[in-house]
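At position 47 of the sequence shown the residue is numbered 47 (full-length UniProt numbering), and the sequence of numbers has no breaks.
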Amino acid sequence: MPAVIKRLSQDLFDSVSQEASALPRLRKNHNFHQLPDRVQRFINVLQPGTYVRPHRHLRGQESNGFELFLVLQGEIGFLVLDNQGQVIQTERLCSQGPTYGLELEEGQYHTLIALAPDTVMFEIKEGPYVPSADKDFMAQFPAEGTTAAAQQVKAWSHLFA
Numbered sequence: 001m002p003a004v005i006k007r008l009s010q011d012l013f014d015s016v017s018q019e020a021s022a023l024p025r026l027r028k029n030h031n032f033h034q035l036p037d038r039v040q041r042f043i044n045v046l047q048p049g050t051y052v053r054p055h056r057h058l059r060g061q062e063s064n065g066f067e068l069f070l071v072l073q074g075e076i077g078f079l080v081l082d083n084q085g086q087v088i089q090t091e092r093l094c095s096q097g098p099t100y101g102l103e104l105e106e107g108q109y110h111t112l113i114a115l116a117p118d119t120v121m122f123e124i125k126e127g128p129y130v131p132s133a134d135k136d137f138m139a140q141f142p143a144e145g146t147t148a149a150a151q152q153v154k155a156w157s158h159l160f161a
């Protein structure tokens with residue numbers, strides 16, 4: 001019996017990129033894990049203009065809220081924010097380098113923007129995935145799908161011009 005292999009291939013990237021382009025959020029995940037798994041592993045495909053509301057992950061004593069991001073195609077502008085929502089650090093992650101990815105410790109507020117079309121990012125974080133408890137959003141930032149959210153993406157984009 002052949003081994004069960006889940007491939008990270010250009011065909012997968014292209015397929016999920018096409019789906020992401022057609023969605024209002026301009027992004028789409030493709031999970032390699034099942035929701036109850038102890039380790040979440042997925043690609044997140046993002047198109048320019050997507051808005052990721054600033055958030056942090058708090059997992060509690062029995063797990064770790066770290067996240068590992070690795071750009072496999074395209075380019076990401078990654079922003080770390082303080083507790084008041086001010087940008088305190090920016091990182092440009094690119095599949096061509098010089099920085100390909102990063103690991104963010106638990107409790108750090110962050111967001112990201114796509115700097116190139118069809119950007120593919122591989123993420124690893126501790127599970128299981130519980131949608132109601134996964135993210136602690138910063139209340140002062142707009143909800144997805146609003147005009148204010150689109151304006152926020154434009155403002156953040158200037159930090160990477």
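Built from N, CA and C at the ideal position, the CB exists for glycine as well.
Distances from the alpha-carbon of Leu-112 to those of Gly-49, Gln-10 and Asp-37 put Gly-49 closest.
In this structure, the alpha-carbon of Val-45 lies about 5 Å from that of Lys-28.
Rounded to whole angstroms, the separation of the alpha carbons of Asp-136 and Gln-10 is 33 Å. For the region 102 to 158, the full-length alpha helix (DSSP H) segments reaching 4 residues or more read 147 to 157 along the chain. Bounds of the beta strand (DSSP E) holding Val-39 are 39 to 46. When rounded, the separation of the alpha-carbon atoms in Phe-78 and Gln-84 is 17 Å.
Ranked by how close their Cα comes to the Cα of Asp-134, the residues His-158, Leu-115, Tyr-109 and Leu-102 have Tyr-109 in first place. Burial is judged here by how many other beta carbons sit within 10 angstroms of a residue's own beta carbon; Ala-148 has fewer than 16 and is exposed.
The shortest CA-to-CA distance from Ala-22 to any of Glu-126, Gln-152, Pro-117 and Phe-122 is the one to Pro-117. As for any alpha helix (DSSP H) of minimum length 4 sitting wholly inside the UniProt domain "Cupin fold metalloprotein WbuC cupin" (8 to 93), the runs are 10 to 22, ordered along the chain. Of all alpha-carbon atoms in Gln-86, Phe-160 and Leu-68, the one lying nearest the alpha-carbon of Phe-42 is that of Leu-68.
In terms of Cβ geometry, Arg-53 and Phe-141 form a close pair [threshold 7 Å].
Thr-119 sits buried, since 16 or more C-beta atoms from the chains shown fall within 10 Å of its C-beta. Per the C-alpha coordinates, the member of Ala-150, Ser-63 and Gln-96 positioned closest to Tyr-129 is Ser-63. Distance from the CA of Gln-152 to the CA of Leu-26, rounded to the nearest whole angstrom, comes to 15 Å.
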